[in-house]
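Shown next, in C-alpha cells, is the structure this report addresses.
What follows is the structure in C-alpha cells.
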C-alpha cells in the first residue's frame, strides 16, 4: 500500500474506533451545524484515479471490521472510499513550531476552515497553533465569502500548480494568477531599457511601447525579455520533470539554469515571478554545483526568492528565512539580517500573535544565532 494511502487509511480506522459517525450536528464543532459528512469526498474521481484503493481496502477490511463491529460507520467499500476522500481532500497540516525546521507532525479535519476556496493568490493563510487552526487575513478582505487560502504552495509555475490541484483536489484553478493575462504580465514584469529608470513594465503585448515613466523605447527589450522568460520556464519545467522521475541532479542543468538566471537578471524586474522560481530551483539544486562558492550563491538565490515570494504570495516561509538570516549574520551583513528579522517578526506577530508559539519560536531561534 502506498505511503499516503496507508496514512489516510489509518486515519479512517481511528475515526471508526472513536465511533465518529460524522452526521451528528455539534459532535465535531459545537459552534456550527457543519458535519463531517458535509465535506466533499470526490469518491468517483478518486476511484478512477486510484483503482488500487479497492485492493488496499480488501487488505485492511479485517481490521476495519474489528473497529466497526456493528458496521454502521464503514459497512462497505463505498463508505470507506467516502471516508478516505473526505479526509484526503479536506485535511490541514499540523506543525511543530518548536522544531527548528517547523515540521509537519500530523493532519486534521477542521470543519469551518474546510469550506474556504483556493487561490494561487491567497488573501488569507492557515496557521496551526498546537491543534488549533487559525485563518488570518494577509490582504484586505471586504467580506468573508471572498476569503481564499492556498491548498498547496502557490509559489510554483502555473503548469505544476494546475496539475497538482487537478490530481489532488479535482478542479481546474480559475484564479487570477492562473487565468488573468493582466495579472500574469504584472507578475512577470521586465526592466525598462533605461538602466536608470527601475520601473517595472508588465510583460504583455504593450511591453514594447515607450516606458510610461521615462519614455524610453522598449521594443527590443521586450523581445529579449520574453525570450529570457521562455527559456527560464522551459528549464524549470525540465528540472521539475527530472526531479519527479527521481533522476539524479545534473550539474549541466544547474549550469544551464544559473546561466539563464544571469541573463534574465539583466532583462527582468528583480521580483519577476518566474525569475524567483528559477532562483528557488537553483537553491534546490545546490548539490549539483561543483563551485566553491556554491553555498553563497544558493543563499543569494534564496534571499531573492524570499523577497519575491513576499510580494507575490504575501507570506514568509519560516525555515528559508531562518537560514538566510543565519547566513547574513555569518557574512557580517548585519543590516540586511536585522531588516529581514524585523519584517518576518512583524509578519508572524500579525498572523499568529505576539503571545503565540509561532512568534516566540522565531524569536527564540534567532536568539541562538
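Numbering (the numbering used here), first residue to last: 91 to 459.
Each residue gets a CB set at the ideal place from its N, CA and C atoms; glycine is no exception.
Closest by C-alpha distance to residue i, when choosing among the options
i           : options               : result
residue 77  : 200, 135 and 139      : The requested residue 77 is not part of the displayed model; the chain covers only 91 to 459.
residue 412 : 404, 433, 403 and 401 : 433
residue 332 : 363, 375, 352 and 348 : 375
residue 385 : 420, 457, 352 and 367 : 420
residue 229 : 217, 223, 243 and 212 : 212
residue 264 : 209, 422, 221 and 298 : 209
residue 284 : 298, 157, 124 and 409 : 298
Cβ-based neighbour list, residue i, same chain, cut-off 7 Å, excluding 5 preceding and 5 following
i           : result
residue 391 : 369, 372 and 373
residue 207 : 238
residue 269 : none
residue 260 : 132 and 135
residue 326 : 247, 367, 368 and 371
residue 249 : 327
Residue i, enclosing alpha helix (DSSP H) - first and last residue
i           : result
residue 169 : 167 to 180
residue 370 : 363 to 374
residue 384 : 384 to 402
residue 351 : 341 to 355
residue 153 : 143 to 157
residue 51  : Only positions 91 to 459 of the chain appear in the structure, and residue 51 is not among them; the question remains open.
residue 258 : 248 to 258
residue 131 : Unbroken run through residue 131: none, as it is neither H nor E.
residue 269 : 266 to 269
Proximity of residue i and residue j at Cβ, strictly below 8 Å
i           : j           : result
residue 173 : residue 143 : no
residue 317 : residue 280 : no
residue 427 : residue 441 : no
residue 452 : residue 435 : yes
residue 271 : residue 294 : yes
residue 183 : residue 194 : yes
residue 329 : residue 358 : no
residue 132 : residue 179 : yes
residue 446 : residue 219 : yes
residue 215 : residue 352 : no
residue 241 : residue 255 : yes
residue 364 : residue 278 : yes
residue 431 : residue 456 : yes
Cut-off 8 Å between Cβ atoms - residues of its own chain near residue i, not counting five sequence neighbours on either side
i           : result
residue 282 : 288, 289, 291, 301, 303, 304, 306, 308 and 311
is_contact[residue i, chain C] using C-beta, thresh 8 Å
i           : result
residue 193 : You won't find chain C in this structure, because it holds only one protein chain.
Same chain only: Cβ atoms within 6 Å of residue i, ignoring 5 sequence neighbours per side
i           : result
residue 401 : 361
residue 245 : 399 and 403
residue 321 : 350
residue 166 : none
residue 443 : none
residue 147 : 167 and 170
residue 296 : none
Run of the beta strand (DSSP E) containing residue i, from where it starts to where it stops
i           : result
residue 227 : 222 to 227
residue 214 : 214 to 219
residue 197 : 194 to 199
- Item | Completely contained alpha helix (DSSP H) runs for the segment 408 to 453, where each covers 4 or more residues | 408 to 420 and 424 to 442
Suppose only complete runs of 3+ residues qualify. What are the beta strand (DSSP E) ranges in the segment 277 to 327, listed by chain order? none
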